[in-house]
Amino acid sequence: MIGIGDPGMRCSSAGCTAGAEFRVNWRNPRIHGPERVKVWLACPTHRETLAAYLSSRGFPVAVSAVDVPLESVPDPA
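Under the working numbering, the first residue of the sequence shown carries the number -18, and numbering increases by one thereafter.
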């Protein structure tokens, strides 16, 4: 299981080298169903920025702790 502080678990924000504490789970609904989950890793500083970037493009997004994988990202209600 992936956990906070694992080697290589770095934030996905460009240029950031901070350790990841969150998963920004997302998908492109034009291509994939809710069961297809893509993941960007995020530090506390970039958690909201990365989620907002994806949301602004119409992608469903759900943020979870880095050690809590999601099996799906459903469309917003």
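Note that CB positions come from ideal geometry on N, CA and C, so glycine has one too.
All values derive from a computational prediction rather than experimental measurement.
Its Cα nearest to that of R17, the residue P41 stands out among G(-11), R(-9), P41. When only Cα atoms are considered, S37 and A1 end up about 22 Å apart. Check the Cα spacing between L35 and each of V49, D48, V54: the tightest is with V54. In the structure shown, R28 falls within a helical segment according to DSSP collapsed to helix, strand and coil.
Straight across, the Cα-Cα distance linking P15 with D56 is about 7 Å.
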